[in-house]
Structure formats: C-alpha cells, structure tokens
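A.B. asks: One structure is given below, represented as structure tokens, and several questions about it will come after.
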C-alpha cells in the first residue's frame, strides 16, 4: 500500500533554528556588501569634511589679504613716555608730528567749607538741590530721611547726576566731597539750592562755576579743565585725555605734560605676518589633500580620495592662483606671487615665503603688490576715484569721458528785514516740508515764536538733522545764514559715481 511521507516530519531535521540559519546565510553576502558601502560612504563624508574644514581655514587669511587696506599697515612710535598712540592702519599715512602737551584734562572736585561733627547724625538742612552737569539737570530732595552728610552723599550717588559724592574724615570732623564723573570744562558742576525755611542750612552746599571764589557755598578744590595740546604748533583742546579726530588714523592718549615727537611709518613686517598666515594655512590644506589622496605604489593602495575629481579641481584652481600673471599687471614690476617671494616646493606642493623679499617689494612697489591680493582700479586723472568693482566686472581698460559734473541742490531765500531780530514769526500750527533729490520728503516743525534770521536757520537745521526720513534715506541738508541776510539750504555731501 502506498504512503505519503514528508522529509523531516518526526525526524527533527527542519527545525526553526535550521530555517533561521538558512535565511541568515542567504542574507549575509548582501549585508556584507551593504555594510561595506555604508563604511565607505561614512569615510567619504568624513574625508570631505576634513577637506572642507581645511579650505575654510584658508579662506580667512585670503579674505584679509583681499582688502587693499591689508597692505596699508602702519605703526607709530612716540619719543616721550607721556603719549601713547594707537593707529587705524586703514586711515593712517606716513608722517612725523611734533606734540607738546600743555595740560591734561581733569574733572572738577568740590568740598564743603563747613566741617560737621558727625556724618550720620548731624543735620545739614533740608530742601532741594539742583545739580547741573553739562546739559544734564538733576533735582535731589533732602528731607528728614537723608539730611546728614552721608544721607546727602548717598542721595547724590543714587541720582546718577554725573557727580560722585563721598564723606571724608579730616580728623577734626567730616566734610562732603564731590567730583564730576567726566573730565573737561563742559562737565563743570553747578549746584543751586532751594532751602526749607523750617530747616535751613542747605545753601552751604551751593556752588556756581562762574563764581568759584564765593565764600558762601562749596569750595572748588580742583578746577574742571580740558586737555590742551599743540600738534605741529596748532593748539588742540579736548574734554578728555584721549585725543581723536585730529590726525587721520591716529588716537593720542596723553598721560603727562611735555613735548615729544610721534612718527608714523609703514609696518611692512605686520603685512608680511598676514601673508605668512596665508602661506601656513595653504600648506595645511596641501597636507590634508596629500593625506586624503595619496597612492602607495608598493602596495597598490590609494587613500579614500585618490583620483577624486573634487580634489583635482581644488588643486588646479590653487595652482592657477599661484602661478598665473594677474590681468592688468603684465607690464608691472610685480606680476605674480613669485615676484614677491611666494614660491612653490615642486616636491611637496607647499608654499615657501621669503619675508624680506616681500617687504622690499611692498616698500618699492606698494600699488603693484596690493593689486596681487586685492581688487584695484587705477585712474589717469586724480579727479576720478576708483571705488569698487562688481562680481561681473572684467579686467581691462575703460575709457571715461566726463561731459558734465553733478551739481549740488540748493535753495536761497532772502530773509525779511535783512534777517534782523523778529524777522520771522512762526505760529503754533506750522510745519515745513522739504523734498530732497526728488525722492525723500521731510516734514519738520519748530517751536512757535519770533526768530532772527540766524536763530531761524539754526532751528530749521536742528529739526532737519533729527528728521527720521532724511536719516533713513542717508540724506543730509545743511542750513546756513550768510552776511547778506539770506537763508541757504543745500545738500551737505556730494559724491560723483560712474
């Protein structure tokens, strides 16, 4: 009799473990191939990350050298220890300056004439003190809560009035001392007092800068003063001991009186250091490329990016930058990086930098060296200024023919009565509307009243300077009042651009 049998039934041959093993064996080759692809992909991502990081590190020194100001580094030296000089290399220029500091700026100091027995218990009077420092006015109330020397000092300090107060022990009693927070004559302190008749005495702390010898108030112990300095024989006054905006690119910090000489010279060494930073970062990039794309002929094994097109493109671009003659400099004294001491080691591909040769070329051919690293335009007419190029600008020569100069927009108005007192009456409901360059409209108002010509011009000028529409548009209108009693309005700045 025939029967039906199934392999393994009852024999335990096709167990679940055996089935799992058969499936795993079938899947294993695919998993290995997938794992290998994953590992290579991750290795490529890591390698490209290293390459990108090295390129990014090179971009910073390249960007710094890409500005014309990077080749204009200057340093300053002072023959005297009373003057320190800081330099804005982009604005400074060579020069020598004779400086003579006549006096330093100082802040005003006051002290009470009366001496008090106790700083915390003795009543000094009550009322209101008005402190005026520069254009800032502060009222301070002295009442039963603070009518002592220490209470007054605390109230002044908390008021942020531009004055600092303290109490000193003279050995024979206590005195109030005040000092202006800022130096300069404009920050002198004036103190007026309104006394409480029921508790007088506060007037002892009044002070008038116009009458410093008055014996009825505070005593001036240090007079407010501006810094006074002569530069090449020209007197300069400033409210602080930091003198700015006198010589382009220079800031003088004065610490004492006396004469000295300040010399400003081109700091070619500082520029060479910037170029050295570029060379170092370039060589780091070359080392990274060599590590990622090398090939071992003995083992026949290459690195992860061996033969990679991205690496080849980067190297070709860098090679062109290093060896090509810069367009426009074909007939110049300096035409390529090799002319300023930047050469290539043919064995390693790294750069070598001759700092002395670079500095010599920078001193002798500053414009040509600058053109190697930064965009530059040169004009044959000193009245035409090169400002900048665009991303699509091609190197070459461009002929310019100026047929008409732009003119400054202006308005002239003859004031009534020649601009004498009360020449203009402004009502309470008033406004003036100006249109500048046919684009920007500014409406301003000034306080009602009678104005002379000069006062009216000054009021209009202030209102225009504070106008948000003009400020947002970068427009500025200058208002003048001339000797013939005429009001002049004109654009403050004018720049011709092609």
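In our numbering, the protein residues as written are 2 to 499. From the three backbone atoms N, C-alpha and C, an ideal C-beta is built for every residue, glycine too.
Return the CA-CA distance between residue 153 and residue 143, expressed in angstroms with no decimal places.
C.D. replies: Looking up residue 153 in the chain shown gives position 152. Looking up residue 143 in the chain shown gives position 142. Approximately 7 Å, taken between the alpha carbons.
A.B. asks: Could you give the distance in angstroms between the alpha-carbon of residue 319 and the alpha-carbon of residue 291?
C.D. replies: Along the chain shown, one-based indexing puts residue 319 at 318. Along the chain shown, one-based indexing puts residue 291 at 290. If I take the Cα positions, the gap works out to 14 Å.
A.B. asks: What is the DSSP secondary structure of residue 499, reduced to helix, strand or coil?
C.D. replies: Here residue 499 refers to the residue found at position 498 of the chain shown. Note that residue 499 scores 32 on pLDDT, short of 50, meaning its location in the model is unreliable; the coordinates nonetheless yield the value given after this. DSSP places residue 499 in coil when its eight states are reduced to three.
A.B. asks: Going residue by residue through the stretch 187-231, where are the continuous alpha helix (DSSP H) segments of at least 4 residues, counting only ones entirely within it?
C.D. replies: Listed in chain order, there is nothing to give.
A.B. asks: Return yes when the Cβ of residue 490 is within less than 9 Å of the Cβ of residue 413, no when it is not.
C.D. replies: Here residue 413 corresponds to residue number 412 of the chain shown, with the count starting at 1. Here residue 490 corresponds to residue number 489 of the chain shown, with the count starting at 1. Taking 9 Å as the Cβ cut-off, residue 413 and residue 490 qualify as a contacting pair.
A.B. asks: First and last residue of the alpha helix (DSSP H) that includes residue 454?
C.D. replies: As a first step, residue 454 must be located in the chain shown, where it is residue number 453. Residue 454 -> alpha helix (DSSP H) spans 454-466.
A.B. asks: Taking residue 132 and residue 190 to be in contact with their CB atoms under 8 Å, please state how far apart those CB atoms are, rounded to whole angstroms.
C.D. replies: Locating residue 132 in the chain shown gives position 131, counting from the first residue. Locating residue 190 in the chain shown gives position 189, counting from the first residue. The C-beta separation of residue 132 from residue 190 comes to about 7 Å, placing the pair in contact by the 8 Å criterion.
A.B. asks: What's the gap between the Cα of residue 1 and the Cα of residue 244?
C.D. replies: Outside the shown range of the chain, which is 2 to 499, sits residue 1, and nothing can be said about it.
A.B. asks: Beta-carbon within less than 6 Å of residue 500's beta-carbon, same chain only, minus the 5 sequence neighbours each way: which residues are those?
C.D. replies: Any answer about residue 500 is impossible in this case: the structure gives the chain only from 2 up to 499.
A.B. asks: Do residue 105 and residue 258 have their beta-carbon atoms positioned less than 9 Å apart in this structure?
C.D. replies: As a first step, residue 258 must be located in the chain shown, where it is residue number 257. As a first step, residue 105 must be located in the chain shown, where it is residue number 104. A contact, by the Cβ cut-off of 9 Å.
A.B. asks: If you draw a straight line from the C-alpha of residue 500 to the C-alpha of residue 60, how long is it?
C.D. replies: The structure shown does not extend to residue 500, since the chain spans only 2 to 499, so no value can be given for it.
A.B. asks: What's the C-alpha gap between residue 199 and residue 148?
C.D. replies: Mapped onto the chain shown, residue 199 falls at position 198. Mapped onto the chain shown, residue 148 falls at position 147. For residue 199 and residue 148, the distance between alpha carbons rounds to 13 Å.
A.B. asks: Could you give the distance in angstroms between the alpha-carbon of residue 1 and the alpha-carbon of residue 84?
C.D. replies: Since the displayed the chain opens at 2 and closes at 499, residue 1 lies outside it and no answer follows.
A.B. asks: Along the beta strand (DSSP E) that carries residue 286, what are the first and last residues, could you check?
C.D. replies: In the chain shown, the residue the question calls residue 286 occupies position 285. Looking at the DSSP string, residue 286 is not in any beta strand (DSSP E); the run it does join, the alpha helix (DSSP H), is 269-294.
A.B. asks: Give me the residue from 368, 483, 341 and 117 with the minimum Cα distance to residue 356.
C.D. replies: As a first step, residue 356 must be located in the chain shown, where it is residue number 355. Nearest of 368, 483, 341 and 117 to residue 356, Cα basis: 341.
A.B. asks: Beta carbon of residue 323, beta carbon of residue 339: below 9 Å?
C.D. replies: The residue you call residue 323 lines up with position 322 of the chain shown. The residue you call residue 339 lines up with position 338 of the chain shown. The answer is yes: Cβ separation under 9 Å.
A.B. asks: Taking the alpha carbon of residue 400 as the reference point, which residue from 380, 393, 415 and 406 has its own alpha carbon closest?
C.D. replies: As a first step, residue 400 is located in the chain shown; it is residue number 399 there, counting from the start. Out of 380, 393, 415 and 406, 380 has the C-alpha closest to the C-alpha of residue 400.
A.B. asks: Is residue 275 near residue 71, with beta carbons less than 9 Å apart?
C.D. replies: The residue labelled residue 275 in the question sits at position 274 within the chain shown. The residue labelled residue 71 in the question sits at position 70 within the chain shown. Closer than 9 Å, so yes.
A.B. asks: Taking only three categories from DSSP, how would you classify residue 106?
C.D. replies: The residue you call residue 106 lines up with position 105 of the chain shown. Residue 106: coil per DSSP, three-state reduction.
A.B. asks: If we call anything under 9 Å between Cβ atoms a contact, is residue 120 one with residue 182?
C.D. replies: Walking along the chain shown from the start, residue 120 turns up at place 119. Walking along the chain shown from the start, residue 182 turns up at place 181. Going by C-beta atoms, residue 120 is not nearer than 9 Å to residue 182.
A.B. asks: Where do the ends of the beta strand (DSSP E) carrying residue 434 lie?
C.D. replies: Walking along the chain shown from the start, residue 434 turns up at place 433. Where residue 434 is concerned, the enclosing beta strand (DSSP E) stretches over 433-437.
A.B. asks: So residue 464 and residue 477 are supposed to be a Cβ contact under 8 Å. How far apart are they, rounded?
C.D. replies: By 1-based counting over the chain shown, the position of residue 464 is 463. By 1-based counting over the chain shown, the position of residue 477 is 476. About 13 Å separates the two Cβ atoms, so there is no contact after all.
A.B. asks: In three-state DSSP terms, what is residue 125?
C.D. replies: As a position in the chain shown, residue 125 is number 124, starting the count at 1. Residue 125 falls in the coil class under three-state DSSP.
A.B. asks: Determine the extent of the alpha helix (DSSP H) in which residue 364 is found, giving its start and end residues.
C.D. replies: Counting from 1 along the chain shown, the entry for residue 364 is found at position 363. That run of the alpha helix (DSSP H) goes 356-365.
A.B. asks: Let me make sure I understand the geometry here. Which of 188, 114 and 174 has the alpha-carbon closest to that of residue 137?
C.D. replies: Reading the chain shown from its first residue, position 136 is the one you call residue 137. Measuring from the Cα of residue 137, the nearest candidate turns out to be 188.
A.B. asks: Could you name the residues of the same chain whose beta carbon sits closer than 7 Å to that of residue 227, not counting the 5 residues immediately before and after it, in chain order?
C.D. replies: Residue 227 sits at position 226 when you count from the first residue of the chain shown. Cβ neighbours of residue 227 beyond the five flanking positions: 106, 185, 186, 238, 239 and 240.
A.B. asks: Do residue 1 and residue 265 have their C-beta atoms within less than 9 Å of each other?
C.D. replies: Outside the displayed range of the chain (2 to 499) lies residue 1, so it cannot be described from this structure.
A.B. asks: Under the rule that 16 or more other beta-carbon atoms within 10 Å means buried, what is residue 130, buried or exposed?
C.D. replies: Taking the chain shown and counting its residues from 1, one reaches residue 130 at position 129. By the 10 Å Cβ count, residue 130 comes out buried.
A.B. asks: Classify residue 100: buried if its beta carbon has 16 or more other beta carbons within 10 angstroms, exposed otherwise.
C.D. replies: By 1-based counting over the chain shown, the position of residue 100 is 99. Classification for residue 100: buried.
A.B. asks: From residue 495 to residue 235, what does the alpha carbon distance come to, in whole angstroms?
C.D. replies: Along the chain shown, read from residue 1 onward, the residue named residue 495 stands at position 494. Along the chain shown, read from residue 1 onward, the residue named residue 235 stands at position 234. Its pLDDT being 40, under 50, residue 495 is placed unreliably in this model, and the value from its coordinates should be taken loosely. Spanning the two alpha carbons is a distance of roughly 29 Å.
A.B. asks: Pick out whichever of 370, 402 and 308 has its Cα sitting closest to the Cα of residue 382.
C.D. replies: By 1-based counting over the chain shown, the position of residue 382 is 381. Ranking 370, 402 and 308 by Cα distance to residue 382 puts 402 first.
A.B. asks: Taking just the CA atoms, how far does residue 250 sit from residue 471?
C.D. replies: As a working mapping, residue 471 is identified with position 470 in the chain shown. As a working mapping, residue 250 is identified with position 249 in the chain shown. So the two alpha carbons sit approximately 29 Å from each other.
A.B. asks: Taking the alpha-carbon positions, what's the residue 488 to residue 161 distance?
C.D. replies: Within the chain shown, the letter at position 487 stands for residue 488. Within the chain shown, the letter at position 160 stands for residue 161. About 41 Å.
A.B. asks: Please report the straight-line C-alpha distance between residue 343 and residue 57, rounded to a whole angstrom.
C.D. replies: Start at 1 with the first residue of the chain shown, and residue 343 comes out as number 342. Start at 1 with the first residue of the chain shown, and residue 57 comes out as number 56. Roughly 21 Å between the two C-alpha positions.
A.B. asks: Quick one: grab the DSSP three-state call for residue 9.
C.D. replies: Working through the chain shown from its first residue, we reach residue 9 at position 8. Residue confidence is low: residue 9 scores 45 on pLDDT, short of 50, so the model does not pin down where it sits. No coordinate-derived value is stated.
A.B. asks: Work out the CA separation of residue 166 and residue 155 for me, nearest whole Å.
C.D. replies: Taking the chain shown and counting its residues from 1, one reaches residue 155 at position 154. Taking the chain shown and counting its residues from 1, one reaches residue 166 at position 165. Rounded to whole angstroms, residue 155 to residue 166 spans 7 Å at the Cα level.
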